[in-house]
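**Student:**
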Amino acid sequence: MKRKNPEFRKKLVSQEGRLVLAIQALKKNQVESIRQAAQNFDVPRLTLQDRIKGRTEFALRRDSNHKLSILEEESLRDWILMWSAQLLPPRPSDVQAMADILLAARGSKRVLKVGKNWVHKYIKRRPELISRLSRAYNYRRAKCENPKIIKNWFERLQKVIADNGIQRDDIYNFDETGFAMGMIATTKVVTGSDVRGRKPLLQPGNREWVTAIECVCASGWVLPSFVIFKGKRLFRAWYKGKTLPGWRLGVSPNGWSNNKLAVRWLQKIFIPFTERKTKGVYRLLILDGHGSHLTPKFEKICKENKIITICMPAHSSHILQPLDLVCFSVLKGSYYKMIEKLMRAQVNHITKFDFLDAYPNARVKAFRSENVISAFETAGIWPDCPERVLSKLTSELHTPSPRLEHEDQNEPRTPSNLERLDTAAAALRKMITEESDVPVNRKLEAVDQIVDYSKRALQSAALFAQDISDLKKANESQKRNRAQSRKRIKTEESDLSFEEALELIEVAENAPNRRSKKTRDQIEGTSLPTKKAQRACGICRTPGHRRETCPKKVE
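Using the UniProt record's numbering, the first residue of the sequence shown is number 1, and each one after it goes up by one.
#1: For a test of the three-state rule: what should DSSP assign to K553, helix, strand or coil?
#2: CA-CA distance, R77 and L129?
#3: For K279, which of N164, H120 and P383 has the nearest alpha-carbon?
#4: Can you give the Cα-Cα distance for E155 and M338, rounded to whole angstroms?
#5: For chain D, check one thing: does any of its Cβ atoms lie closer than 8 Å to the Cβ of P92?
#6: Quick check on N152: does DSSP put it in helix, strand or coil?
#7: Whose C-beta lies closer than 7 Å to the C-beta of V326 among residues of the same chain, with five residues either side of it excluded?
#8: Cα-Cα, which of L285, L496, Q30 and H120 is closest to I312?
#9: Would you please state the rounded distance, in angstroms, between the beta carbons of Y282 and V216? I believe it to be under 8 Å.
#10: Does T399 come out as helix, strand or coil in the three-state DSSP assignment?
#11: How many angstroms separate the CA atom of L397 from the CA atom of C385?
#12: Strictly by DSSP, which residues pair up with I213?
#13: Secondary structure at R520, three-state DSSP: helix, strand or coil?
#14: Would you list the residues sitting across from S497 in a DSSP beta bridge?
#15: As a quick exercise: from E16, H290 and A462, pick the residue whose alpha carbon is nearest that of L103.
#16: Quick one, which of R547, N481, E492 and Q15 has its alpha-carbon nearest F41's?
#17: Starting from the N-terminal side, write out each stretch of the alpha helix (DSSP H) that is 4 residues or longer and does not extend beyond the stretch 282 to 312.
#18: Check whether the stretch 466 to 480 touches the stretch 214 to 229, taking contact to mean three or more Cβ pairs, one atom from each stretch, closer than 8 Å.
#19: Taking the alpha carbon of R248 as the point to measure from, which residue in S317, L496 and G255 has its own alpha carbon closest?
#20: In whole angstroms, what is the alpha-carbon distance linking S257 and V263?
#21: On the three-state DSSP scale, how would you describe P386?
#22: W153 to E476, Cα distance in whole Å?
#23: On the criterion of 16 or more Cβ atoms from any shown chain inside 10 Å, does S391 qualify as buried, or is it exposed?
#24: Closest by CA to W118, which one among A97, P127, A105 and R106?
#25: For L357 and L428, I'd like the C-alpha separation in whole angstroms.
#26: Taking its Cβ as the centre, do 16 or more other Cβ atoms sit within 10 Å of D94, making it buried, or is it exposed?
#27: Out of E145, E445 and Y359, point me to the one whose CA is closest to A180's CA.
#28: For K490, tell me which candidate among E506, I381, K479 and R482 has the shortest Cα-Cα distance.
#29: Using DSSP with H/G/I as helix, E/B as strand and the rest coil, what is S131?
#30: Tell me, please, which residues DSSP counts as bridged to I171.
#31: What did DSSP end up calling P253 once you bin it into helix, strand or coil?
#32: Residues in the same chain with beta-carbon distance under 8 Å from residue 556, minus the five sequence neighbours each way, listed in chain order, please.
#33: How is the alpha helix (DSSP H) around E102 delimited, first residue to last?
#34: Can you check whether the CB of V347 is closer than 8 Å to the CB of A536?
#35: Does the beta-carbon of K352 have 16 or more other beta-carbons within 10 angstroms, so that it is buried, or is it exposed?
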């Protein structure tokens, strides 16, 4: 949008002042007609006539192409500032969702939604809001980017694919990604414009680490996940009530992957799930230089199963690894968004049950087929296009354009609480019943104030209804988690698939319980219930009396 000429702006302001004086002169009967007032104060006659009829000043008039009314935008602003004050500023996607809720609250038969750029434009025209990005570019990694090394790696990759006749369906990338279960990543949020620097974001506080091993294929499909919790034993409740075919849960002392678990992933997930989908003779597994990926046992199993491994250069996974480039960023963004919703629902501690509820849903969004295919394309692996990566190594950073300042707009004088609403209602009654000489415009303004307050109350109710709905869902989930059994699975293994775990649980639950049999026998009378032994004397150990009355007590 082009900025208005400053001279034109000054002219409008001057004219507006003369219009106000002309209207006052007419009210005080200082001039005989509108035409005369327009001539005396040098203002357009039609503009003066429209203003007397109640038409709004042009600068304050709202364009018809706005989806939300001024009141709806103010209700949304209040909701944003409320959560921001609680250190839980909403993301732009949350603001967009709430704007759609306000549109739905109108009760219109036609489904209305705001556009994808609406939030950006909304923040731009609201001086009290601002969007801040607290995530910074990692310059330490950038220093390790060497175009010559990256180019050599692509040449080596192309040679391996060509020499072994490896097809697209046989190219895989696997890696681990870690989560602090209760920590929320820094991200762009919407908050009050008075905030300086990064806006603090309230965290659930559970820093327990969990690792997920993921693997994707260049043709667009994803293998089942291998989740590693911090612990020593596997619990039944982790598996019961969930349908995650092929998934495996494991435990390690710190929640990280290790040599043993990496081999278990290779044997239990990668080999069986990719074997039946292999098109050529060899499978190519692209991995980083993590120690658990380079053990002799890992390499031996790969050679025995015709799996060729190729390692990326050090500190280059952020530009070469498909999982890091696309999938993991979407995955963590979706997961942290779910944790933020739990925080707003007053869930202050994220457990393993919460993780197992949130992570599969976040994973569905991250590992869509189009995302996986895009990841290999972005990495320049398939189709073969090293320039997609090499061209980024020489790109220069640019400074974004400064944010334009916006002038404050006059806000309608709407009652902001019940006391002011009662005052406005009383003033309106007085105007209607007692003050007959009050102009119609003033009466209509008073009615508009009360209507605006009612609209704002309904809009706030719609926003809070959504918050309450999220709160109820979180509470129900917490109740289910607290009711879960804490029984461990009797096994010496450090990891189990869902199918293996459920089979062991079924065997344990169907096993005869000797203790319960004995209890039934006692109830049926086949054995006498045990009697409580009488208390014995503390001196002679004979039952029937206490030490105070013992005959052997020495006086």
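By construction, the Cβ of each residue, glycine as well, lies at the ideal position given by its N, Cα and C atoms.
**Tutor:** Well, looking at it:
#1: On the sequence shown, residue 553 is found 553 positions in, with the first residue counted as 1. Three-state DSSP puts K553 in coil, outside helix and strand.
#2: As a first step, residue 77 must be located in the sequence shown, where it is residue number 77. As a first step, residue 129 must be located in the sequence shown, where it is residue number 129. Cα to Cα, the separation comes out at about 8 Å.
#3: If you number the sequence shown from 1, residue 279 lands on position 279. Cα-wise, what sits closest to K279 is N164.
#4: Residue numbering aside, residue 155 sits at position 155 when the sequence shown is read from its first letter. Residue numbering aside, residue 338 sits at position 338 when the sequence shown is read from its first letter. Near 41 Å, if we compare the C-alpha coordinates of M338 and E155.
#5: Structure shown: chain D not included; a single protein chain is present.
#6: Within the sequence shown, residue 152 is the residue found at index 152, counting from 1. In this structure, N152 counts as helix in the three-state DSSP scheme.
#7: Residue 326 sits at position 326 when you count from the first residue of the sequence shown. Here the set comprises N371, S374, A375 and T378.
#8: Here residue 312 refers to the residue found at position 312 of the sequence shown. Per the sequence shown, the amino acid found at residue 312 is Met instead of Ile. For M312, the nearest C-alpha among the options comes from L285.
#9: The count along the sequence shown starts at 1 and reaches residue 282 at position 282. The count along the sequence shown starts at 1 and reaches residue 216 at position 216. The pair is not a contact, with the Cβ atoms about 18 Å apart (cut-off 8 Å).
#10: Here residue 399 refers to the residue found at position 399 of the sequence shown. Here T399 scores only 40 on pLDDT, less than 50, and its place in the model is too uncertain to base an answer on.
#11: For this step, residue 397 is matched to residue 397 along the sequence shown. For this step, residue 385 is matched to residue 385 along the sequence shown. Bear in mind that a pLDDT of 37 at L397, under 50, signals an unreliable position, so the number given afterwards is only what the model happens to contain. Taking the straight line from one Cα to the other gives about 23 Å.
#12: Position 213 of the sequence shown holds residue 213. BP columns for I213 point to E176 and F226.
#13: Mapped onto the sequence shown, residue 520 falls at position 520. Because R520 sits at a pLDDT of 47, beneath the cut-off of 50, its placement in the model cannot be relied upon, and the following sentence gives the value as read from the coordinates. Helix.
#14: Counting from 1 along the sequence shown, the entry for residue 497 is found at position 497. In the DSSP output, where bridge partners are listed per residue, S497 has R248.
#15: Stepping through the sequence shown from its first residue, residue 103 is reached at position 103. Answer by Cα proximity: A462.
#16: One-based indexing of the sequence shown puts residue 41 at position 41. When only C-alpha atoms are compared, the closest one is Q15.
#17: 296 to 304
#18: Judged by Cβ distances under 8 Å, the stretch 466 to 480 makes no contact with the stretch 214 to 229, as fewer than three pairs qualify.
#19: For the purposes of this step, residue 248 is taken as the residue at position 248 of the sequence shown. Of the candidates S317, L496 and G255, the one whose C-alpha sits nearest the C-alpha of R248 is L496.
#20: In the sequence shown, residue 257 corresponds to position 257, counting from 1. In the sequence shown, residue 263 corresponds to position 263, counting from 1. Computed Cα separation, rounded: 10 Å.
#21: Mapped onto the sequence shown, residue 386 falls at position 386. P386 falls in the coil class under three-state DSSP.
#22: Position 153 of the sequence shown, counted from the first residue, corresponds to residue 153. Position 476 of the sequence shown, counted from the first residue, corresponds to residue 476. Rounded to whole angstroms, W153 to E476 spans 51 Å at the Cα level.
#23: Counting from one through the sequence shown, the residue named residue 391 turns up at place 391. Exposed, since its Cβ has fewer than 16 Cβ neighbours within 10 Å.
#24: Along the sequence shown, one-based indexing puts residue 118 at 118. Of the candidates A97, P127, A105 and R106, the one whose C-alpha sits nearest the C-alpha of W118 is A97.
#25: As a position in the sequence shown, residue 357 is number 357, starting the count at 1. As a position in the sequence shown, residue 428 is number 428, starting the count at 1. Note that residue 357 is Asp in the sequence shown, not Leu. Distance between the alpha carbons of D357 and L428 is about 54 Å.
#26: Locating residue 94 in the sequence shown gives position 94, counting from the first residue. D94 is buried by the Cβ-count criterion.
#27: Translated into positions along the sequence shown, residue 180 becomes position 180. When each option's Cα is compared against that of A180, the closest is Y359.
#28: By 1-based counting over the sequence shown, the position of residue 490 is 490. Comparing Cα positions, the closest option is E506.
#29: Residue mapping note: residue 131 aligns to position 131 of the sequence shown, counting from 1. S131: strand per DSSP, three-state reduction.
#30: Residue numbering aside, residue 171 sits at position 171 when the sequence shown is read from its first letter. Beta-bridge pairing links I171 to L284.
#31: Within the sequence shown, the letter at position 253 stands for residue 253. Note: P253 maps to coil in three-state DSSP.
#32: Residue 556 lies beyond the range of the chain shown here (1 to 555); nothing can be said about it.
#33: Your numbering for residue 102 matches position 102 in the sequence shown. For the sequence presented, residue 102 should be read as Leu rather than Glu. It spans P92 to A104 - the alpha helix (DSSP H) in which L102 sits, taken as one unbroken run.
#34: Along the sequence shown, read from residue 1 onward, the residue named residue 536 stands at position 536. Along the sequence shown, read from residue 1 onward, the residue named residue 347 stands at position 347. No.
#35: On the sequence shown, residue 352 is found 352 positions in, with the first residue counted as 1. It counts as buried.
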